[in-house]
Amino acid sequence: MTDALSTAHALLHSVFGFSEFRPGQEEIVRAVLAGENVLTVMPTGSGKSLCYQLPAIVRPGLTLVVSPLIALMRDQVQALTAAGVAAGSLNSSNEPAENARVMGLLRTGELRLLYVAPERLARPDTVEMLAEAHVTLMAIDEAHCVSQWGHDFRPEYLTLGNIARQIGGRLQTLALTATADAPTRGDIVEKLFPLSSPRVFVRSFDRPNLRLAFQTKERSSRQVLAFVRAHEGESGIVYCASRRKVEELATTLAEAGVRALPYHAGLDKRVRDANQDSFQQDDGVVMTATVAFGMGIDKPDVRFVCHADLPSNVEAYYQEIGRAGRDGLPADTLTLYGLGDMQLRRLQIEQSDSSDERKRIERQRLGALLALAEAPRCRRQTLLAYFGEQSEPCGNCDLCVEGVERFDGTIEAQKAMSAILRTGERFGVEHLVAILTGERTENVAKFNHDRLPTFGVGSGRKAGEWRSIFRQLSAVGLIAQDLMEHGRWSVTEEGRRVLKGEARIELRKDLSSGAAKGKAGARRDRRANA
Numbered sequence: 002m003t004d005a006l007s008t009a010h011a012l013l014h015s016v017f018g019f020s021e022f023r024p025g026q027e028e029i030v031r032a033v034l035a036g037e038n039v040l041t042v043m044p045t046g047s048g049k050s051l052c053y054q055l056p057a058i059v060r061p062g063l064t065l066v067v068s069p070l071i072a073l074m075r076d077q078v079q080a081l082t083a084a085g086v087a088a089g090s091l092n093s094s095n096e097p098a099e100n101a102r103v104m105g106l107l108r109t110g111e112l113r114l115l116y117v118a119p120e121r122l123a124r125p126d127t128v129e130m131l132a133e134a135h136v137t138l139m140a141i142d143e144a145h146c147v148s149q150w151g152h153d154f155r156p157e158y159l160t161l162g163n164i165a166r167q168i169g170g171r172l173q174t175l176a177l178t179a180t181a182d183a184p185t186r187g188d189i190v191e192k193l194f195p196l197s198s199p200r201v202f203v204r205s206f207d208r209p210n211l212r213l214a215f216q217t218k219e220r221s222s223r224q225v226l227a228f229v230r231a232h233e234g235e236s237g238i239v240y241c242a243s244r245r246k247v248e249e250l251a252t253t254l255a256e257a258g259v260r261a262l263p264y265h266a267g268l269d270k271r272v273r274d275a276n277q278d279s280f281q282q283d284d285g286v287v288m289t290a291t292v293a294f295g296m297g298i299d300k301p302d303v304r305f306v307c308h309a310d311l312p313s314n315v316e317a318y319y320q321e322i323g324r325a326g327r328d329g330l331p332a333d334t335l336t337l338y339g340l341g342d343m344q345l346r347r348l349q350i351e352q353s354d355s356s357d358e359r360k361r362i363e364r365q366r367l368g369a370l371l372a373l374a375e376a377p378r379c380r381r382q383t384l385l386a387y388f389g390e391q392s393e394p395c396g397n398c399d400l401c402v403e404g405v406e407r408f409d410g411t412i413e414a415q416k417a418m419s420a421i422l423r424t425g426e427r428f429g430v431e432h433l434v435a436i437l438t439g440e441r442t443e444n445v446a447k448f449n450h451d452r453l454p455t456f457g458v459g460s461g462r463k464a465g466e467w468r469s470i471f472r473q474l475s476a477v478g479l480i481a482q483d484l485m486e487h488g489r490w491s492v493t494e495e496g497r498r499v500l501k502g503e504a505r506i507e508l509r510k511d512l513s514s515g516a517a518k519g520k521a522g523a524r525r526d527r528r529a530n531a
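Taking my numbering as reference, the numbering of the sequence shown is continuous, increasing by one, and the terminal residue is 531.
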């Protein structure tokens with residue numbers, strides 16, 4: 002073991018160019034070299050890949066790396082090959098001749114690392130071929146994909162435990178992920194390590210070099226442009242919820258003089274690959290992309306990540322902002338959100354083919370993200386609390402730096418919930434806001450809602466302020482929305498306690514002038530996800 006560690010230290014420098022391990026890496030490498038099964042949870046950018054790459058070249062045999070990320074396979078194989086390490090990949094994006102070449106090297110025992118997608122690994126011919134190879138370690142990247150509690154469940158991951166036994170009996174397994182809360186970790190252990198409990202390494206989820214900020218949407222393209230211009234000449238990623246918005250924002254940024262490139266699954270593969278290569282190799286490229294981009298991309302000097310639309314949940318948010326500042330230097334993140342985002346994300350959950358249990362989990366995760374967006378305290382505290390960590394205020398996020406005004410919002414909450422109940426829990430937020438502000442819209446008059454006791458009781462606040470209040474009440478679970486019934490709002494049991502005066506609620510004021518949107522702002526909110 003001492004000799005293996007000495008060799009590992011030497012190869013760390015000669016092959017990978019590092020003078021020392023990053024925090025947490027050496028303990029994991031030591032456990033792998035000792036033959037232990039390991040589950041490791043490390044933040045994005047903390048060097049998970051080295052934990053299987055280094056043992057793969059220290060000891061004999063083949064390391065099998067299972068990953069759903071073709072971009073990661075390509076980048077890591079290229080980097081390892083350039084460093085003189087025999088590595089290859091089998092996946093659908095390879096030319097047939099390349100897959101044949103890799104299989105030839107596998108049969109002759111020349112490979113040290115083989116990267117394979119879980120779909121390819123599930124094929125009987127692949128399992129048969131690997132059973133004849135000298136596989137000594139299976140490294141499973143993105144291990145949270147095996148868990149029904151994870152944010153990116155993939156059914157094909159459920160077969161990996163059985164495949165490992167077919168390949169090598171009690172094959173040593175290393176499972177790696179950047180995002181796994183306690184329930185997800187338990188599920189990973191149950192699914193991937195059924196015969197023996199692994200050593201579990203969990204590093205802090207904190208990325209102190211990332212500055213976290215949220216803004217309510219006003220004119221999202223202008224907000225994105227202002228943020229990108231503040232990082233002139235730097236590389237960054239702008240995430241969008243739709244392909245159309247990806248291309249529109251790329252055009253908007255390019256017309257403003259930004260070197261912006263689009264990336265989404267609908268683009269021709271040659272265009273995607275060319276844009277990805279430009280982002281990887283050149284300075285100052287801004288990629289506008291759907292979430293199809295970024296997983297497995299190893300670019301340490303990404304200086305900012307902007308979400309032009311609300312991410313799907315906290316885990317996705319954490320993973321996506323984690324692509325910034327991997328070099329440890331300061332990096333900025335900005336997330337734009339509006340009521341339209343929340344409606345879209347909820348609709349996506351309800352219309353999915355997922356089980357009722359899965360939908361319930363996704364609703365909870367989205368609710369946690371809304372709570373982060375409307376947080377009255379330090380963003381980092383709220384984010385780390387979600388992953389079970391306690392922390393002090395960071396002094397670096399938008400709330401810590403700019404401050405946030407809070408107020409006893411019990412009366413406002415009671416007014417909003419009264420409007421919901423007095424209209425039979427049948428209407429959406431724009432109708433309810435019109436009632437509260439005393440605006441006689443066509444629908445308000447049609448349903449005689451201008452005769453309700455709640456009509457005009459909120460006229461002391463602007464419409465934008467009421468939209469913020471509805472967002473916050475939704476985030477803390479006092480009201481709920483049924484998207485399958487035209488987005489109607491209802492009051493929850495906890496909301497009724499506040500309505501009856503049995504509990505109080507503290508709310509924050511809108512930080513990004515959303516309180517003064519007026520009618521134009523309302524129209525922009527409705528178009529925010531176009």
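Ideal Cβ positions, reconstructed from N, Cα and C, are used throughout, including at glycine.
> Do you know how far the Cα of A242 is from the Cα of R505?
Replying inline: 35 Å
> In chain order, what residues of the same chain have a beta carbon less than 6 Å from the beta carbon of A87, not counting five sequence neighbours either side?
Replying inline: E111, L112, R113
> By DSSP, does G89 sit in helix, in strand, or in coil?
Replying inline: strand
> Can you tell me whether DSSP reads P263 as helix, strand or coil?
Replying inline: strand
>> Using CA atoms only, rank isn't needed, just tell me which of N95, G62, A83, A386 is closest to A132.
In response: G62
> What's the call for E219, buried or exposed, on a 16-neighbour Cβ count within 10 Å?
Replying inline: With 16 or more Cβ atoms within 10 Å of its Cβ, E219 is classed as buried.
>> Let me check understanding here. Comparing Cα to Cα, which of R327, S419, Q415 lies closest to G46?
In response: Checked all of R327, S419, Q415; the closest Cα to G46 is R327.
> Would S279 be called buried (16 or more neighbouring beta carbons within 10 Å of its own) or exposed?
Replying inline: exposed
> How would you label S353, buried or exposed, when you count the other beta carbons within 10 angstroms and need 16 or more for buried?
Replying inline: exposed
>> Run through the DSSP bridge pairs and tell me what V59 is partnered with.
In response: In DSSP, V59 forms no bridge with anything.
> Alpha carbon to alpha carbon, how far is T383 from V402?
Replying inline: Answer to the nearest angstrom: the Cα atoms are 15 Å apart.
> In chain order, what residues of the same chain have a beta carbon less than 6 Å from the beta carbon of T411, not counting five sequence neighbours either side?
Replying inline: R505, I506
> From the DSSP output, which residues share a beta bridge with K305?
Replying inline: It is Phe, not Lys, that sits at residue 305 in the sequence shown. According to DSSP, F305 bridges with G237, D333.
> Alpha carbon to alpha carbon, what distance is there between E316 and K447?
Replying inline: Those two C-alpha atoms are separated by around 43 Å.
> Cβ of A181 within 9 Å of Cβ of H135?
Replying inline: The answer is no: Cβ separation not under 9 Å.
> Of the choices G25, P44, F408, P56, whose alpha-carbon is the least far from that of L13?
Replying inline: P56
>> Please report the distance separating the alpha-carbon of A464 from that of A374.
In response: 19 Å
> In chain order, which alpha helix (DSSP H) runs of at least 4 residues are fully inside the region 413-478?
Replying inline: 430-438, 443-447, 464-476
> What are the complete alpha helix (DSSP H) segments, minimum 4 residues, inside the region 125-182?
Replying inline: 125-133, 161-169
> Which of helix, strand or coil does DSSP assign to R505?
Replying inline: coil
>> Assuming Q216 is part of the beta strand (DSSP E), what are its boundary residues?
In response: 215-217
> For R200, which beta-bridge partners are listed by DSSP?
Replying inline: V39
> How should L512 be labelled, buried or exposed, when 16 other C-beta atoms within 10 angstroms of its C-beta is the threshold for buried?
Replying inline: Summary for L512: the model assigns pLDDT 36, below 50, so the residue's position carries little reliability; its value from the coordinates is reported in the next sentence. So L512 counts as buried.
> Pairing CB atoms from the region 322-341 with CB atoms from the region 256-266, are three or more of them under 8 Å?
Replying inline: no
>> Comparing C-alpha positions only, which one of T137, L453, D269 sits nearest to E37?
In response: T137
> In three-state DSSP terms, what is L114?
Replying inline: strand
> Taking C-beta to C-beta, are T212 and P377 nearer than 9 Å?
Replying inline: The question names Thr, but residue 212 in the sequence shown is Arg. No. Outside cutoff.
> Quick one: Cα of E413 to Cα of L172, how far?
Replying inline: 60 Å
> In the structure shown, what three-state DSSP assignment does F408 receive?
Replying inline: Looking at F408 - three-state DSSP - the assignment turns out to be strand.
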